[in-house]
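Top to bottom, those sequences are chains A and B. In my numbering, each residue's number is its place in the first sequence (first place is 1) plus 636. In my numbering, each residue's number is its place in the second sequence (first place is 1) plus 4. Every residue, glycine too, gets a C-beta built ideally from N, C-alpha and C. Just so you know, these numbers come straight off a predicted model, no measurement behind them.
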Amino acid sequence: MSFVKCLHCRECGREYPIEPLNACDFCFGPLEVRYDYDAMARAISRERIQKGPLTLWRYIDLLPVEGTEVVDLGTGFTPLLKAKRLGKLLGLDNLYLKNDAVNPTYSFKDRVVAIASTKALEFEFDTLACASTGNLAGAVAAHAARAGMKSFIFVPADLEQGKMVGAAIYGPTLVAVKGNYDEVNRLCSELADLYRWAFVNINMRPYYAEGSKTLGYEVAEQLGWRAPDHAIVPSASGSLFTKIWKGFNEFSDLGLMGPTRTRMHCAQAEGCSPIVTAWKNGWDVVRPVRPKTIAKSLAIGNPADGFYAVKTIRNTGGTGVSVPEEQVVEGIRLLAETEGIFTETAGGVVISALKDLAQRGVIKRDEVTVAYVTGNGLKTQEAVMGLLRPLTIDPNVNAFQQAMGGR
Amino acid sequence: MASRRVKFTYTAALIPDPVIYELGKRFPIVTNIRRADVRETFGWVILEMIGDDADIDRGLEWVRGKGIRVDPAGGDVVEG
């Protein structure tokens, strides 16, 4: 039994039953899951969580699923690593990396899709769907395979083949849409109205989004039941950013840890930074942009949760950092060379944002800081191809020593 | 009849234009505003459009032609 009460509109507060809905019929505002926190607080404890599996399902009591029949690929409870070498370089004694690149399909999207696919089965859908340029496609196709569901994955026709393979291998119907980003967006919004599919980030969105909270829970638990002083989070739709904050706060409100004082820092690439731009200019509305960035997994020009992300930055005393495009690869390289973690472009954005915050003194040396690494570098190899400079030699010792002498 | 939920984003120069009024006069479309925030420098309107699919498409093309950005009301659905 879950502690879910209803869905409610984040704008006008109207309540809706637990159904596959994502927008308020009255004001078209986004819907969010509402819980009975009093009952949840009576049932939940650190001990109960610690007895759970070493996956995100250890937090099942805090998630919007009804039974114990979940779609489980072993997602979550990913490593929180103390980053001594990177920390030393940046002058930070308590820097941690949340390495979510080691999830089953190599990104944090497994978390949101785990919840969305479980909920889709509860609603008796037989098909999962999404529109994606990478990580989400793989996560949806894999979870559908695991659940025995059909899946439809819509991608722009010019998507790199490697990314298509990462989804196609799981056997979905892969649809390559000829058209620009806006046209794919428009088509998928229309298809979601036409077909009875569980479109993970459309009609399943209120449940899907809750999966991201577990990145807040896990970090707090792994830090010894406390929230960090700073969290640096990559932002596309803004959902992950706001849900990590929600995760910290729920743990505090449920009495699982002390008050949360985390400053939430939003990291975007300069070529698509509508949330950071709104924060920097003091706007309370997010102006849509046309994405033009190598950080493809962050390329959302009209972020659904942008307004709430800006609010979260302000309410927590956080900041927004838009990372120059040329520093994205530098961030990937810095993380790989200092800590042995190969992240995708979104991770490069986070590490470069972290460096900027440390250099400007926004983060103090002794403060507990967590940088979220949400995807694996093998997915965006084209971004770092320029770094590939092997020593090419003839097969003899002399050739090797000569080549080394040249370095 | 089809229904579509969209968001129009205006720059300052376009705010004085009665675009939604004209949209309803030029095309057989019913427009129904649900939320909006229009200021001196910038504005957005979330509205429902009801009509035939082809008319809505033509209407939205005309709106785009005026320089107004049109997006799905719930934000982008293509994710990374």
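Residue-level contact to chain A via CB, B/Gly79, 7 Å cutoff: The sequence position of residue 79 of chain B within the second sequence is 75, counting from 1. With 7 Å as the cut-off, B/Gly79 counts as an interface residue toward chain A.
Counting only C-beta atoms, is A/Ile936 closer than 7 Å to chain B at any point? As a position in the first sequence, residue 936 of chain A is number 300, starting the count at 1. Answer yes: the Cβ-Cβ gap between A/Ile936 and chain B drops below 7 Å somewhere.
Under the assumption that B/Leu51 contacts B/Val10 (Cβ atoms under 8 Å), give the Cβ distance between them as a whole number of angstroms. To locate residue 51 of chain B, count along the second sequence from 1; it is residue 47. To locate residue 10 of chain B, count along the second sequence from 1; it is residue 6. 6 Å between Cβ atoms; contact.
Note down the Cα distance separating A/Pro656 from A/Arg832, rounded to an integer number of angstroms. Position 20 of the first sequence holds residue 656 of chain A. Position 196 of the first sequence holds residue 832 of chain A. Going from the Cα of A/Pro656 to the Cα of A/Arg832 covers about 10 Å.
Expected contact under 8 Å - CB spacing of A/Phe788 and A/Thr809 to nearest Å: By one-based count along the first sequence, residue 788 of chain A stands at place 152. By one-based count along the first sequence, residue 809 of chain A stands at place 173. That belief holds up - the Cβ atoms of A/Phe788 and A/Thr809 are roughly 5 Å apart, short of 8 Å.
Using the Cα positions of A/Gln963 and A/Val998, report the straight-line distance between them to the nearest angstrom. The residue labelled residue 963 of chain A in the question sits at position 327 within the first sequence. The residue labelled residue 998 of chain A in the question sits at position 362 within the first sequence. Roughly 19 Å between the two C-alpha positions.
Can you look up A/Arg832 in the DSSP assignment and give me helix, strand or coil? As a first step, residue 832 of chain A is located in the first sequence; it is residue number 196 there, counting from the start. Three-state DSSP puts A/Arg832 in coil, outside helix and strand.
Mind pulling the chain B residues with CB within less than 7 Å of A/Asn837? For the purposes of this step, residue 837 of chain A is taken as the residue at position 201 of the first sequence. Going along chain B in sequence order, the residues near A/Asn837 (Cβ under 7 Å) are Val81, Glu83.
Cβ pair count under 8 Å reaching 3, the segment 785-802 of chain A against the segment 759-768 of chain A: yes
Please go through the same chain and pick out, in chain order, the residues whose beta-carbon is closer than 7 Å to the beta-carbon of A/Gly770, but skip the five residues on each side of it. Taking the first residue of the first sequence as position 1, residue 770 of chain A is located at position 134. Excluding positions up to five away in sequence, the list reads Lys799, Lys932, Ser933, Lys1015.
Compare the C-beta of A/Leu772 against all C-beta atoms of chain B and say whether one is closer than 7 Å. Position 136 of the first sequence, counting from 1, holds the residue named residue 772 of chain A. Yes, A/Leu772 counts as interfacial toward chain B.
Work out the CA separation of A/Tyr732 and A/Val1004 for me, nearest whole Å. Taking the first residue of the first sequence as position 1, residue 1004 of chain A is located at position 368. Taking the first residue of the first sequence as position 1, residue 732 of chain A is located at position 96. So the alpha carbons of these two residues sit roughly 8 Å apart.
Buried or exposed (CB count within 10 angstroms, at least 16 for buried), A/Glu683: Residue 683 of chain A sits at position 47 when you count from the first residue of the first sequence. Under this definition A/Glu683 is an exposed residue.
Within 10 Å of its beta-carbon, does A/Trp915 have 16 or more other beta-carbons around it, so buried, or fewer, so exposed? Walking along the first sequence from the start, residue 915 of chain A turns up at place 279. Looking at its Cβ environment, which holds 16 or more other Cβ atoms inside 10 Å, A/Trp915 is buried.
Is it the case that the Cβ atoms of A/Ile911 and A/Gly942 are separated by a distance below 7 Å? As a working note, residue 911 of chain A is residue 275 in the first sequence. As a working note, residue 942 of chain A is residue 306 in the first sequence. Yes, the Cβ-Cβ distance between A/Ile911 and A/Gly942 is below 7 Å.
Assuming A/Thr981 is part of the alpha helix (DSSP H), what are its boundary residues? Mapped onto the first sequence, residue 981 of chain A falls at position 345. 981-995 is the extent of the alpha helix (DSSP H) around A/Thr981.
Neighbour flag for A/Asn821 against chain B, beta carbons, 7 Å: Position 185 of the first sequence holds residue 821 of chain A. By this cut-off, A/Asn821 is an interface position.
With 8 Å as the limit, tell me which residues of the segment 647-659 of chain A have their beta carbon closer than that to any beta carbon of chain B; keep them in chain order. When C-beta distances to chain B are compared with 8 Å, the residues of the segment 647-659 of chain A below that value are Glu647, Asn658, Ala659, in chain order.
Helix, strand or coil for A/Val1004? Go by DSSP, reduced to three states. The count along the first sequence starts at 1 and reaches residue 1004 of chain A at position 368. In this structure, A/Val1004 counts as coil in the three-state DSSP scheme.
Does the distance from the C-beta atom of A/Thr981 to that of A/Ile930 stay below 7 Å? As a working note, residue 981 of chain A is residue 345 in the first sequence. As a working note, residue 930 of chain A is residue 294 in the first sequence. Against a cut-off of 7 Å, the Cβ pair of A/Ile930 and A/Thr981 comes out as a contact.
Please compile the residues from chain A whose C-beta is within a distance smaller than 8 Å of the C-beta of B/Arg9. The residue labelled residue 9 of chain B in the question sits at position 5 within the second sequence. Here the neighbours are Ala659, Phe664.
Interfacial residues, the segment 47-72 of chain B to chain A, with Cβ spacing under 8 Å: Trp48, Ile50, Glu52
Measure the alpha-carbon distance for A/Ile838 versus A/Ala1035 and round it to whole angstroms. Taking the first sequence and counting its residues from 1, the one referred to as residue 838 of chain A is at position 202. Taking the first sequence and counting its residues from 1, the one referred to as residue 1035 of chain A is at position 399. The straight-line gap from Cα to Cα measures roughly 58 Å.
Between the segment 34-48 of chain B and chain A, which residues of the former have CB atoms less than 7 Å from a CB of the latter, in chain order? Arg38, Arg39, Asp41, Phe46, Trp48
Is A/Arg923 helix, strand or coil by DSSP? Translated into the one-based positions of the first sequence, residue 923 of chain A becomes position 287. A/Arg923: coil per DSSP, three-state reduction.
Cα separation between B/Pro76 and A/Leu643? Reading the second sequence from its first residue, position 72 is the one you call residue 76 of chain B. Reading the first sequence from its first residue, position 7 is the one you call residue 643 of chain A. Roughly 21 Å separates the two Cα atoms.
Considering B/Asp41, what are the terminal residues of the alpha helix (DSSP H) in which it resides? Indexing the second sequence from 1 puts residue 41 of chain B at position 37. Careful: B/Asp41 lies outside any alpha helix (DSSP H), inside the beta strand (DSSP E) at 34-42.
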